[in-house]
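S.K.: Here the sequence shown is numbered in this note's numbering, starting from 5 and rising by one per residue.
A virtual CB, placed ideally from N, CA and C, is assigned to each residue, including glycine.
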Amino acid sequence: MPELPEVETICRELRKTIQGHTIIECEIFRPDYLRGGDSDQFIQSASGRRIESVDRRGKYIIWEIGVGRIVSHLGMTGKYIVQDESVKIPKHTVARFKFRDKSLLLNDVRRFGRLNLYLNGETISALESLGVEPFSENFDLKYISTIFKDRKRPVKELLLDQSIIAGIGNIYASEILYRAKIHPLSSGSHLSKAKLKRLIESTKNILELAVDNAGTTISDYRRVDEKTGNFQNLLKVYGKEGCSCEFCQNEIKKIVFGGRSAFFCSGCQKI
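#1: Just checking: is the beta-carbon of Ile-69 within a distance shorter than 8 Å of some beta-carbon in chain D?
#2: Along the chain, where does the beta strand (DSSP E) that runs through Cys-252 open and close?
#3: Measure the Cβ-Cβ separation of Phe-267 and Lys-258 and say whether it is below 8 Å.
#4: With 16 other CB atoms within 10 Å as the buried threshold, where does Asp-36 fall?
#5: Tell whether a beta-carbon distance below 8 Å holds between Ile-28 and Ser-43.
#6: The beta strand (DSSP E) with Lys-102 in it runs from where to where?
#7: How close, in whole Å, do the beta carbons of Asp-144 and Ile-210 come, if the pair is a contact with beta carbons under 8 Å?
#8: Mark Arg-60 as exposed unless 16 or more other C-beta atoms lie within 10 angstroms of its C-beta, in which case mark it buried.
#9: Who are the near neighbours of Gly-79 in its chain, counting only those whose CB is closer than 8 Å to its CB and skipping five residues on each side?
#10: Only counting runs of 4 or more residues, tell me where the alpha helix (DSSP H) segments fall wholly within the segment 126-181, in order along the chain.
#11: Quick one: measure Cβ to Cβ for Leu-163 and Ile-180, integer angstroms, because I've assumed they're closer than 8 Å.
#12: Could you tell me which of Lys-63, Arg-54, Ala-214 and Tyr-64 sits nearest to Val-71, measuring between CA atoms?
#13: Using the three-state DSSP reduction, which class does Glu-29 fall into: helix, strand or coil?
#14: What are the start and end residues of the alpha helix (DSSP H) that includes Ser-49?
#15: Give the straight-line distance between the Cα atoms of Ser-167 and Ser-140, rounded to the nearest whole angstrom.
#16: What does Arg-34 pair with, by DSSP beta-bridge criteria?
#17: To which residues of the same chain is Thr-232 closer than 6 Å at the C-beta, ignoring the five residues directly before and after it?
#18: Do the CB positions of Val-86 and Arg-34 come within less than 8 Å of each other?
#19: Taking 7 Å as the cut-off, is the CB of Leu-119 close to at least one heavy atom of the ligand ATP?
#20: Tell me which residues share the same chain as Ser-133 and place their Cβ nearer than 8 Å to its Cβ, disregarding the 5 neighbours each side in the sequence.
#21: Alpha carbon to alpha carbon, what distance is there between Tyr-84 and Leu-110?
#22: Taking Ala-214 as the reference, give the member of Arg-226, Ile-256, Leu-239 and Ser-223 with the closest Cα.
#23: Between which two residues does the alpha helix (DSSP H) carrying Ala-214 extend?
#24: Quick check on DSSP: helix, strand or coil for Leu-123?
#25: Within 10 angstroms of its Cβ, does Glu-7 collect 16 or more other Cβ (buried), or is it exposed?
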């Protein structure tokens with residue numbers, strides 16, 4: 005699933021491609037992708053509208069179009085593709101937005117993503133429930149100490165909780181904890197101030213480095229030009245089970261809890 009760095013990469017590329025442009029026409033090929041939304045209303049509201057801005061909140065992509073906001077989540081396999089009008093629409097395309105000189109397709113093989121249009125004044129509950137942004141000034145020691153104080157859940161689960169920190173997924177949680185030298189099963193409430201400081205710094209550094217490298221392509225993630233990300237070449241523990249830690253030479257191990265895998269160094273990350 006695309007995480008914060010992948011979604012941020014896509015948003016930056018969409019800003020260069022469609023921000024300031026007018027949606028001449030839009031088509032919804034899979035009305036069920038709107039998750040209960042009205043496809044006719046979507047088309048009527050979006051067509052003829054100028055895209056004022058493209059922003060990100062957590063793993064959501066948000067287009068401001070004057071009368072409201074178009075919000076999408078890419079799920080497991082969703083991707084945006086910029087395409088010339090003369091090219092055949094590929095299979096699994098759920099929506100198409102036509103501009104003056106190009107089309108933007110939303111393609112999703114497994115269709116776990118979602119696309120909605122919210123008119124001004126409508127509540128977007130999915131966004132309101134999100135926690136702090138990792139790059140914001142609010143993601144600091146005071147915030148994380150308060151949030152973690154009474155939470156005995158494993159720190160990796162807390163990192164993945166979108167109501168606490170928005171945008172982090174399984175890949176980056178493992179990389180963040182490795183850099184911070186914190187075991188993924190460590191209880192959030194038992195982390196020292198020094199470890200919390202390392203966790204904050206590691207989160208910002210790992211995510212920034214991943215954005216600089218256009219995200220991580222393990223299988224499905226593609227940018228709007230269909231290129232892959234590059235951060236998979238810099239992963240230290242994720243998917244490295246059985247390999248040696250580059251710092252202490254101990255074995256990288258994998259555990260599964262809460263239905264998710266966690267990768268960690270058996271030497272650097274002690275409970």
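M.R.: On the basis of the supplied data:
#1: In summary, chain D is missing from the structure at hand, where a single protein chain is found.
#2: Run containing Cys-252: none; DSSP gives neither H nor E here.
#3: In contact: Phe-267 and Lys-258 (Cβ atoms closer than 8 Å).
#4: Per the 10 Å Cβ criterion, exposed.
#5: In this structure, Ser-43 does not lie closer than 8 Å to Ile-28 by Cβ.
#6: Taken as a continuous stretch (DSSP letters only), the beta strand (DSSP E) holding Lys-102 covers 97-102.
#7: Contact between Asp-144 and Ile-210 is ruled out by a C-beta separation of about 17 Å, above the 8 Å threshold.
#8: Counting the other CB atoms within 10 Å of its CB gives Arg-60 a total of 16 or more, which places it among the buried residues.
#9: Once the five neighbours on either side are set aside, the close Cβ partners of Gly-79 are Met-5, Asp-112, Arg-114, Arg-115, Phe-116, Gly-117 and Arg-118.
#10: Listed in chain order, the complete alpha helix (DSSP H) runs (minimum 4 residues) inside the segment 126-181 are 129-132, 145-152 and 159-164.
#11: Between Leu-163 and Ile-180 a beta carbon distance of about 7 Å is seen, short of the 8 Å cut, so the two are scored as contacting.
#12: For the residues Lys-63, Arg-54, Ala-214 and Tyr-64, the minimum Cα distance to Val-71 belongs to Arg-54.
#13: Residue state, collapsed to three classes: strand.
#14: Note, Ser-49: alpha helix (DSSP H), 43-50.
#15: Annotation: Ser-167 to Ser-140 spans about 15 Å, alpha carbon to alpha carbon.
#16: DSSP, once it has assigned bridges, lists no residue as partnering Arg-34.
#17: A distance below 6 Å between beta-carbons, with the five flanking residues on each side excluded, links Thr-232 to the following residues of its chain, in chain order: Thr-221.
#18: Judged by beta-carbon spacing, Arg-34 lies beyond the 8 Å limit of Val-86, meaning their Cβ atoms are not closer than that value.
#19: The ligand ATP is not part of the structure shown, which contains no ligands of any sort.
#20: So the list reads Gln-166 and Ser-167, once near-sequence residues are dropped.
#21: Leu-110 and Tyr-84 have their C-alpha atoms some 5 Å from each other.
#22: Selected option, being the one with the closest Cα: Leu-239.
#23: Residues 197-216.
#24: Correct three-state label for Leu-123: strand.
#25: So Glu-7 counts as buried.
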